[in-house]
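In what follows, a single structure is set out as structure tokens and then discussed.
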Amino acid sequence: MTSCYRLHYAPDNASLIIRLALEELGLRYETVLVDRSISEQRSDAYRALNPNGLIPVLETPEGPIFETAAILLWLSDRHQALAPDVDSKQRGDFLKWLFFTSNTLHADLRMLFYPGTYVGPDAAQQKVLRKTLRQRLHRHLTNVEAAAAQRPDWLGAKEPSVLDLYLACQLRWMALYPAGCDRSWFVLAQYPHLYSLCAELELRASVTVARTAEGLGATPFTSPTPATPPEGSAT
1 MTSCYRLHYA PDNASLIIRL ALEELGLRYE TVLVDRSISE QRSDAYRALN
51 PNGLIPVLET PEGPIFETAA ILLWLSDRHQ ALAPDVDSKQ RGDFLKWLFF
101 TSNTLHADLR MLFYPGTYVG PDAAQQKVLR KTLRQRLHRH LTNVEAAAAQ
151 RPDWLGAKEP SVLDLYLACQ LRWMALYPAG CDRSWFVLAQ YPHLYSLCAE
201 LELRASVTVA RTAEGLGATP FTSPTPATPP EGSAT
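For the sequence shown, the positions run 1 to 235 when UniProt numbering is used.
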């Protein structure tokens, strides 16, 4: 590597969150496209970095890291930014919401986007699963909105945290995916603190860089449109 970090990415995938974090930290990094149109994430070369075949991977001087929350936490601790310090009284609250976002919110989104992976090809079963997941996601967002209303320093504050970046990308995906399905259940304006978080992020230089690199449009979080990347495919 010619820089400290190499991000293996696909446009508008979870790697977007890591790109935003790297930009917010002001770090030099390279990108390597993982071409989803040919399932490159399942190749032997990519699985040597992440045996689960999922995006993203961040190569570091200490070796490759996968899992979005793990990368975010590693970066924030290594560079002492974008998260409460390990000795901060706010650390526990920050961590519980970061891992809720990763282990619960993100997991439910994966099931919503790829129901066949979990219940098979039966369309009726997929429909039932999606209905249940939409209800669950609304409850999740209501809880995150309530946490943001308390105005902690690590959620929706003037300076973003890795949790803000993670949530904004997930809110974007809820508005866009799965393509061809009813997405009217999700209205960002119903969650005013989360809407404000997204609007503030859209003003930041990190988002401008990501918008250009991944073809995300002018308002990637508050009024998103499908990605039109200069290279690669989002799906």
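Note that beta-carbon positions come from the ideal geometry of N, C-alpha and C, so glycine has one too.
Open item on the list: Does residue 64 come out as helix, strand or coil in the three-state DSSP assignment?
Closed with: Assignment of residue 64 by DSSP, reduced to helix, strand and coil, places it in the strand class.
Open item on the list: Going by DSSP, what residue range makes up the beta strand (DSSP E) through residue 214?
Closed with: Unbroken run through residue 214 is the alpha helix (DSSP H), 205-214; no beta strand (DSSP E).
Open item on the list: When you compare the CB positions of residue 6 and residue 59, do they come within less than 9 angstroms of one another, or not?
Closed with: yes
Open item on the list: Checking the sheet assignment: what are the DSSP bridge partners for residue 79?
Closed with: Note: residue 79 sits in no beta bridge, so no partner.
- [ ] Compare the C-alpha of residue 132 against each of 158, 109, 149 and name the closest.
- [x] 109
Task: Range covered by the beta strand (DSSP E) that runs through residue 236 - done: There is simply no residue 236 to check, as the chain begins at 1 and stops at 235 in what is shown.
Open item on the list: Pull the bridge partners of residue 59 from the DSSP assignment, please.
Closed with: 6, 64
Open item on the list: I'd like to know whether the C-beta atoms of residue 113 and residue 177 end up nearer to each other than 9 angstroms.
Closed with: A contact, by the Cβ cut-off of 9 angstroms.
Task: contact_flag[the segment 30-40, the segment 81-95] where n(CB pairs < 8 angstroms) is 3 or more - done: no
Open item on the list: Which residue wins for smallest C-alpha separation from residue 106, given the options 189, 24, 170?
Closed with: 170
TODO: Run the CB neighbour count on residue 144, radius 10 Å, all protein chains shown included, and call it buried at 16 or more, exposed below.
DONE: buried
Open item on the list: For a test of the three-state rule: what should DSSP assign to residue 47, helix, strand or coil?
Closed with: helix
- [ ] Buried or exposed for residue 231, please, with buried defined as at least 16 other CB atoms from any protein chain shown within 10 angstroms of its CB.
- [x] exposed
Open item on the list: If I measure Cβ to Cβ from residue 118 and keep anything under 8 angstroms in the same chain, skipping five residues before and after, which residues do I get?
Closed with: Setting aside the 5 residues that flank it on each side, residue 118 is surrounded in the same chain by 111, 129, each with a C-beta closer than 8 angstroms to its C-beta; the list follows chain order.
Open item on the list: Just to confirm my understanding: we take residue 75, look at its own chain, exclude 5 residues before and 5 after, and list those with CB closer than 6 angstroms. What are they?
Closed with: 21
Open item on the list: Going by DSSP in three states, residue 171 sits in which element: helix, strand or coil?
Closed with: Reduced to three states, the DSSP call for residue 171 is helix.
Open item on the list: Need the endpoints of the alpha helix (DSSP H) that residue 195 sits in, please.
Closed with: 192-201
Task: Backbone CA spacing between residue 225 and residue 188 [nearest angstrom] - done: 14 angstroms
Task: residue 80 burial status per 10 Å Cβ neighbour count (16 or more: buried) - done: exposed
TODO: If I'm right that residue 101 touches residue 194 with Cβ under 8 angstroms, what's the distance once you round it to whole angstroms?
DONE: Going by Cβ atoms, the distance from residue 101 to residue 194 rounds to 12 angstroms, so no, they are not a contact pair.
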